[in-house]
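Under this note's numbering, residues 147 to 584 are what the sequence shown spells out, in order.
Worksheet: the structure to be examined is printed underneath.
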Amino acid sequence: MANVQPPIPGLQPHERDIPLGNNDDDLSSRLSDRTCRERWRTSVLVVLCSHFVVMNTWGFTNSFGAFQTHLTDTLSSLPSTISWIGSMQIFLLFFMGTISGRLTDSGHFRVVFFVGSLATVVGILASSFCHQFWQFFLALGVAVGVGNGCLFCPMLTVMSPYFDKRRAMAIGIVACGSASGGLIYSSIARQLVPSVGFPWTMRTISLIQFALLAVANVYLRPRAPAKSSSPWVDWAAFRDMRYSYYAMGSFFSLLGLYFSFFYLAAYSRTITTPSLSYEESLNLLLILNGVSVVGRLGFNYAADRYGTINVYIPVAGATAIILFAWIGVKDVPGTYGWAIACGITSGGVQSLFPAALSSLTEDTQKLGVRIGMIFTIVSISSLIGPPISGALIDALDGRYLGAQIFAGTSMSLSTLFLVAARRAGRKAKPSFGPSASD
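Below, the structure written as structure tokens:
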């Protein structure tokens, strides 16, 4: 009787149970090589498409400072008022995570992802026809925010199971989409707004997003079969102190993180001596987003070796120190140097946050729900963080001291809660990556 090859993970059902006859070793080797090539090709496509998703969600959000500067001047509004648009966008990106994550776990990824793509593109396109604050708020804040929420959490849920090893590095590469998107969309705003105007700038961006998200819709798909049903909230997760402390650490982290992305350009035009022009101020955003690649790749590479939480703690602490150091930065060279330092560490925070989060849950069937739960928690801090910073600036007659202290303190509290999560992890099975409990 002919020998039968045991099922090889990653092969389709019709490729399994192939009779090997007298050439067992040869056929087995060829099937193994083919499986490896298919897995490698699939992994590359997953990372590339996930990079596009982050580029069009977080990358666009990180470039909001360029649009905030323009909208503040055009609408004659306070920066704290305009910041509600960007903060609502981030709020809904996270808040929708519970809904989109649960639907993804239940097998509705393709529908949710398509709806998110459509809402994002339509929202950006609609902003090109807006003239009043409430119109911009609905288009860029609500529509784009809901769309992003239907893209990011499902993408992270679908992508993570493809990488049992080097998951932090894979997420780091994906997270670089935040930097590439920030660079591309900030550059587009810098070049096109003064020449062709805001409306055609937004139409150009919507066309780019349409093309990239179309590719992601074609190639992104879940690796494992979905459960028939899953809960909206997994309350048992909060009995794990690692998860609870990490949720609080994430809350305070995002409370202060986006202050620099929203207000650095405005700071350079009002506080820096000499003050920078509109185009020059956007160069700072380009630097802030560009150098974040160093942090995203470097810190996530270290996370695969030493454990995600072990790397996340010092990166968050360094970010807190840098935010406090902003208080003493007044001249142009210092502002550029500060943007480089902040870009590296904040890039690390943005990429390590989802990397550690995805490793908190060993059951991939609950991954979407548990990621969505923390996303809902941090959505509150993302919503109130930038407006609080703006209100502190307004209260001090345009001085940034109060907002800088607020951002630095928030990141410091985040570091303390991450340390608590790390200590709680010593009493449980490590789930923050290799060496997480060493």
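Glycine included, every Cβ here is placed at the ideal spot set by N, Cα and C.
query	result
Indicate, with yes or no, if the ligand NAD has a heavy atom lying under 7 Å from the CB of I473.	The ligand NAD is absent from the structure shown, which contains no ligand whatsoever.
Touching or not, the stretch 447 to 461 and the stretch 518 to 535, by the rule of three or more beta carbon pairs under 8 Å?	no
Need the endpoints of the alpha helix (DSSP H) that G328 sits in, please.	313 to 342
Using the rule of at least 16 other Cβ atoms within 10 Å of the residue's Cβ for burial, across every protein chain shown, is A360 buried or exposed?	exposed
For F344 and N456, what's the separation of their Cα atoms in angstroms?	44 Å
Taking 7 Å as the limit between beta carbons, can you name the residues of its chain near F408, skipping five residues before and five after?	F210, G211, Q214, S229, G232, P532
Tell me the residue span of the alpha helix (DSSP H) that contains F282.	279 to 282
By a C-beta neighbour count over all protein chains shown, 10 Å radius and 16 as the cutoff for buried, is R248 buried or exposed?	buried
In the DSSP assignment, what residue or residues form a beta bridge with D477?	T419
Out of G243, V478, A285, which has the shortest C-alpha to C-alpha gap to P420?	V478
Under DSSP, the alpha helix (DSSP H) around C276 begins and ends at which residues?	Counting along the chain, C276 falls outside any alpha helix (DSSP H), and DSSP gives it neither H nor E.
Could you tell me whether the stretch 477 to 496 touches the stretch 419 to 435, where touching means 3 or more Cβ pairs closer than 8 Å?	yes
What span of residues does the alpha helix (DSSP H) with D219 cover, start to end?	210 to 221
Is it buried or exposed for G167, if we count other Cβ within 10 angstroms and need 16 for buried?	In this prediction, G167 has a pLDDT of 49, which is less than 50 and means its spatial position is unreliable; nothing more can be read from the coordinates.
Since I believe F405 is in contact with S535 (beta carbons under 8 Å), could you give me their beta-carbon distance rounded to a whole number of angstroms?	5 Å
Comparing C-alpha positions only, which one of R312, L239, A335 sits nearest to C296?	L239
When you compare only the Cα positions, how much space is there between P155 and L329?	Bear in mind that a pLDDT of 48 at P155, under 50, signals an unreliable position, so the number given afterwards is only what the model happens to contain. Going by the C-alpha atoms only, they are around 39 Å apart.
How many angstroms separate the CA atom of R312 from the CA atom of T303?	16 Å
Can you give the Cα-Cα distance for G318 and G205, rounded to whole angstroms?	14 Å
Extract the residue ranges of the alpha helix (DSSP H) inside the stretch 376 to 449, only unbroken runs of 4 or more that lie entirely within it.	387 to 403, 405 to 416, 424 to 436
In the DSSP assignment, find the alpha helix (DSSP H) that holds L366 and state where it starts and stops.	Premise fails: L366 is in no alpha helix (DSSP H) and is neither H nor E.
Consult DSSP for F206 and reduce its assignment to one of helix, strand or coil.	helix
By how many angstroms is the C-alpha of V292 removed from the C-alpha of A549?	28 Å
Pairing CB atoms from the stretch 263 to 278 with CB atoms from the stretch 346 to 366, are three or more of them under 8 Å?	yes
List the endpoints of the continuous alpha helix (DSSP H) containing V461.	454 to 471
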